[in-house]
Structure formats: C-alpha cells, structure tokens
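First the structure, in the form of structure tokens, and then the observations on it.
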Amino acid sequence: MKKQFLTATAALAALAITACGSQSAPESTTAAAATAAATTEAAASEAETLTGEADGFGGKVTVELTVKEGTITDAVITGEGETPTVGGAALDTLKEQVIAANGPDIDGVSGATVTSTAVKNAVSAAMGLPVEEPETKAAAVSAPAEIIPVEGGIQMGQVITAAHGNKCFSQVTAVVKDDVVIAAYIDEYQFGAADSVTGVPNGDDKDNFGAGFAEGQMLFSKRVNADYYSKNMAEKAGSTVRLNDNYDEIQKFAVGKTLEELLAYKDDATAVDAVSGATLADTGNYLAAIGEAGKVAQKTQAVEFNGSSEDLKLNMAIGAAHGNKCFSTAAVLTDGENVILSWIDDFQFGSSADVQGVPNSDDADNFGAGYADPSNVLFSKRVNADYYSDLMNKKANATVRIDENYNAIQNHVNGMSISDVKALSEKDDAVDAISGATLADTAGYVGLIAEAAK
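So the mapping is simple: our numbering equals the position in the sequence shown, first residue as 1, plus 80.
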C-alpha cells in the first residue's frame with residue numbers, strides 16, 4: 081500500500097506541473113544552471129598537488145601528495161640520503177600508511193624511526209599542519225667513575241654471554257678487589273655485510289677462519305666498528321649516544337659497585353635511568369654481565385696492587401696471535417707503565433656436536449644466520465678448554481692444557497713493564513722464557529697483550 085501511495089502522489093505532482101506552466105523554469109535558465117553545476121563539480125573533482133619536506137637520517141625527505149576532494153589519493157616519497165636497506169626500504173610502506181591515514185597520523189615502520197618521523201613531518205608541512213617538534217632534552221651529564229682505594233690483591237675475569245638480544249654475543253671483563261668492581265670492559269660481536277664492516281682478524285681468509293661465515297657475511301667487533309654501528313642505532317632507534325660511549329658509561333657506573341648490586345640489575349628495564357649518559361635498553365643486562373665476570377675473577381690468581389682505581393686502565397686488543405683458523409683477544413689492566421693483569425682467549429669454529437658455541441649460535445634466524453653451516457659454530461677456547469686441550473693432545477701430543485698455557489703467559493707478563501712485554505714479544509724463543517707455556521705462538525699472545533697495553 082505504501083508503494084502504491086507513493087506512485088499515486090508522484091503522478092499527481094507530475095500532473096500539477098504540467099497544468100501550471102508558470103512553474104517551469106525557462107530553458108535558458110536551466111542550461112545556465114546545469115553549466116554552473118558542471119563547472120563546480122569539475123572544480124571540486126580536480127586534483128591538487130601538495131609538497132613538503134623534513135630532515136631525515138641522511139638528508140631531506142620530500143613528499144608530493146595528490147589530493148582530490150579532500151582525500152590523499154597518491155603520494156610520492158623520496159629520501160635519497162636514507163640508508164637503502166633501512167629507511168629507504170621503508171618508504172613504500174610509509175607511502176601506503178600516509179594514503180590510508182589521509183594525513184601524517186601514521187604508525188611508522190619499526191626499525192626506521194628517523195625516516196618515519198621525517199615522513200610524518202613532511203606530510204604535515206605539505207598539508208599546512210603543525211609539525212611536531214621532537215622533545216628536546218639536555219644531554220645527560222656523564223658521571224665520573226667512583227674512585228676506589230686499592231690495597232692488596234686484585235683479580236680479573238671474563239664472561240662470554242648474551243647481554244643484548246639474539247643477534248650478537250657479548251665479551252665482558254671485570255677487575256675486582258674482593259667483591260667490588262674497580263674496572264670493567266664491554267665489547268660485542270655481530271655479523272654484518274662484509275663490504276660494510278671491518279671484520280675480526282682472519283675473517284677474510286675464506287680457506288680457513290672465514291670459511292665459517294655465510295656468503296657475504298662478516299663477524300665484527302662493535303667497538304672496532306663504532307662509527308658504523310652507532311649510525312645504524314641513530315637510523316633505527318633515533319639514538320643520539322654512540323655505542324662505545326654507552327659501553328663506557330656503563331663501565332664507569334659499575335666501578336665501586338658490589339657484584340651482588342650489579343647482578344640485581346639483570347633484566348631490569350629501568351637500569352638505563354640509573355646510568356647517566358647511557359641510553360641502551362639492555363643497560364641492566366650489561367651491568368649484570370659485569371657482575372658475572374666479577375664472579376669469575378674471584379676464582380683466579382690475585383695480583384697485588386696498592387693505589388687507586390683511577391690510576392688503572394682496562395683495555396682490550398683483537399688480533400691473530402695463533403695462525404689463521406681463529407682470532408684472539410687480550411684484555412689488559414695497566415697503571416700506565418706496567419701490565420697489572422691480563423686475560424687471553426681465542427675464538428674458532430668447531431662442530432656443535434663437540435663444542436659449546438658462543439651465545440645465540442643456535443638461533444638460526446638471528447646470530448646463527450651468519451654461519452655458513454649451522455652445525456659448525458664459533459666457540460671460545462677457554463669455555464671449551466677440555467675439548468680443545470684434548471684436541472691439542474691428539475694432534476700435537478700437547479701435555480699442557482690450553483687454559484693453563486694462557487694462564488702461564490698471563491702470570492709471566494703480569495707485573496712486567498709494558499716496554500719489557502713488547503720486547504719479549506719480539507723474541508723468537510719467547511715460549512722458552514715463560515715457565516709452563518708450550519704454545520709455539522706464545523710470542524704472538526705476548527704481542528697482543530703489549531698491543532692492548534699501549
């Protein structure tokens with residue numbers, strides 16, 4: 081009935097219009113109105129182009145927006161200075177986000193924070209919207225290391241751990257007086273593109289140590305490659321503090337703390353707030369690793385030192401002390417003239433069935449992806465002293481364990497002047513001068529200690 085009513089009403093209305101000719105608009109007026117409406121519609125549907133730019137990671141990021149009837153229908157985003165594999169690779173996704181959001185209110189791309197922010201600001205500039213300036217904070221004031229009076233025996237220890245995620249492993253050294261840290265040193269190793277980083281020694285020997293790396297990959301020290309890694313940190317997370325500076329701030333904070341105090345920071349996300357000048361989210365785990373290294377130190381031979389912690393410097397050198405199948409590290413504590421304490425280790429590839437690989441070796445999607453063969457992993461000779469010593473015995477009839485060799489070298493140079501250590505490293509018969517050492521490359525290890533002591 082409702083449909084019939086509407087039909088009848090419409091018919092009556094049509095009849096009334098036909099009967100009342102005075103109610104019809106003149107033909108010329110109708111045409112003019114139609115033309116005006118068409119013109120207005122065309123104007124409304126005509127697209128306009130808006131452009132804007134903002135500072136990105138490596139220069140200006142520019143956006144060109146196509147806007148039609150108040151809607152962004154297309155966007156062209158360029159950023160020639162953005163890192164190709166990070167910010168540059170995110171531009172297509174950011175374009176889709178801008179179109180979907182119809183403006184600058186986008187989520188951004190994880191890992192490309194700086195580029196994402198630049199796109200937001202460039203879109204805002206193009207649309208005449210306020211650009212959100214990042215909050216400016218005063219740079220954190222670096223706190224000096226605590227000064228600890230030292231009298232009596234001090235000890236050194238080291239751990240190989242995973243303080244920072246699953247893409248690398250950490251090498252952390254600590255020097256203690258009883259249960260108090262008086263010096264610490266942090267470094268980490270990660271795989272990266274071979275053409276972008278300076279690899280560890282022997283990394284480029286594809287017939288020996290380098291054969292363990294996946295195609296195009298290179299193992300590198302983050303400290304040695306601090307410029308490269310710090311740039312990546314800035315691009316991916318907007319970090320303003322260099323990686324090596326972060327390590328240094330954490331090390332200074334640890335001085336004067338007890339091992340239990342440091343161990344309590346493990347997995348503590350708020351630890352970064354306690355360390356002036358540090359910005360690393362895993363600051364707590366680095367502090368805990370220093371505590372773990374201190375625990376190892378308490379089990380080692382002590383060396384007498386009387387003075388102040390501010391007179392001591394802990395450093396590390398990376399080299400090739402023993403052939404082309406591994407790389408070596410030497411951590412050395414000095415007072416400016418003499419070697420006070422030292423710690424040697426080597427890293428080599430071996431079957432995962434025989435050795436305990438460095439942390440994250442079993443993560444095939446992250447650190448483990450850097451291996452040419454996941455069943456052949458990188459290992460610390462100290463951590464695997466039983467395995468490697470047995471190998472030495474079978475292959476060369478060695479009767480002195482690898483860790484005992486390391487300790488013999490360390491004990492001999494501890495207390496020597498840096499100049500005397502260097503002179504010893506230049507002697508072909510250095511091994512004969514060190515009681516308890518049998519390694520043919522003893523001079524190479526002594527030389528690495530001298531290098532770290534410089």
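Even glycine gets a Cβ: it sits at the ideal position worked out from N, Cα and C. The structure presented is a predicted model; accordingly, all values stated were derived computationally and were not measured.
- The beta carbon of G233 sits closer than 6 angstroms to those of A382 and E384, all from its chain and outside the five residues before and after it, given in chain order.
- In the three-state scheme derived from DSSP, where H, G and I count as helix and E and B as strand, N494 is classed as coil.
- Here P164 is exposed. Its C-beta has fewer than 16 other C-beta atoms within 10 Å.
- By the CB criterion at 7 angstroms, E329 and V352 fall outside the cutoff.
- By the C-beta density criterion, D425 is buried, having at least 16 other C-beta atoms within 10 angstroms.
- In the DSSP assignment, T522 falls within the unbroken alpha helix (DSSP H) covering T522 to A533.
- Under the three-state reduction of DSSP output, I157 falls in the strand class.
- Counting only runs of at least 3 residues, the stretch 274-324 fully encloses the following beta strand (DSSP E) elements, listed from N- to C-terminal order: 297-301.
- In this chain, the alpha helix (DSSP H) harbouring V178 covers G167 to A181.
- When DSSP states are grouped into helix, strand and coil, Y467 belongs to the helix group.
- With the rule of 3 Cβ pairs closer than 8 angstroms, the stretch 459-474 counts as touching the stretch 431-442.
- Excluding five sequence positions before and after V230, the CB atoms of its chain that fall closer than 7 angstroms to its own CB belong to K257, I262, F385, N386, G387, S388 and S389, given in chain order.
- In the three-state reduction of the DSSP assignment, M207 falls in the coil class.
- Around the CB of P184, 16 or more other CB atoms lie within 10 Å, so the residue is classed as buried.
- Distance between T142 and Y327, taken at the CA atoms: about 36 angstroms.
- Leaving aside the five residues that flank V178 on each side, the residues in its chain whose CB is nearer than 8 angstroms to its CB run, in chain order, V143, L145, I152, A155, I157, P184, I186, V199 and V203.
- One thing to note: S422 has its Cβ within 7 angstroms of the Cβ of I529.
- Exclusion of the five residues before and after I498 leaves T414, E417, N418, V419, A530, A533 and K534 as the residues of its chain whose Cβ lies within less than 8 angstroms of its Cβ.
- When DSSP states are grouped into helix, strand and coil, K148 belongs to the strand group.
- When the five nearest sequence neighbours on each side are left out, the beta carbons in the same chain lying within less than 8 angstroms of the beta carbon of S319 are those of S310, M313 and T359, in order along the chain.
- Taking 7 angstroms as the cut-off, the beta carbon of N395 is found closer than this to the beta carbon of V412.
- Taking 8 angstroms as the upper bound for CB-CB distance, H402 and D521 are in contact here, some 4 angstroms apart.
- If you look at V383, you'll find it in the beta strand (DSSP E) that goes V383 to S388.
- Here the C-alpha atom of A223 lies approximately 27 angstroms from the C-alpha atom of I240.
- Exclusion of the five residues before and after V493 leaves V419, S422, V501, L504, V526 and I529 as the residues of its chain whose Cβ lies within less than 8 angstroms of its Cβ.
- For the pair Q331 and A264, the Cα-to-Cα distance works out to about 5 angstroms.
- Note on geometry: alpha-carbon atoms of M236 and G524 lie some 21 angstroms from one another.
- Comparing alpha carbon positions, the residue from Q428, S408 and A476 closest to Y486 is S408.
- For G371, the enclosing alpha helix (DSSP H) starts and ends at T363 to A377.
- Following the DSSP letters along the chain, one finds L392 in no alpha helix (DSSP H), marked with neither H nor E.
- Between the alpha carbons of S460 and T131 lies a gap of roughly 55 angstroms.
- Residue environment analysis places N305 among the buried positions, since at least 16 neighbouring C-beta atoms fall within 10 angstroms of its C-beta.
- A residue is called buried once 16 or more other Cβ atoms fall within 10 Å of its Cβ, and I514 is buried on that count.
- For A449, there is no enclosing alpha helix (DSSP H), as DSSP marks it with neither H nor E.
- Note on geometry: alpha-carbon atoms of A127 and N182 lie some 14 angstroms from one another.
- When C-alpha distances from N491 are compared across F333, T380, G399 and A373, the shortest belongs to T380.
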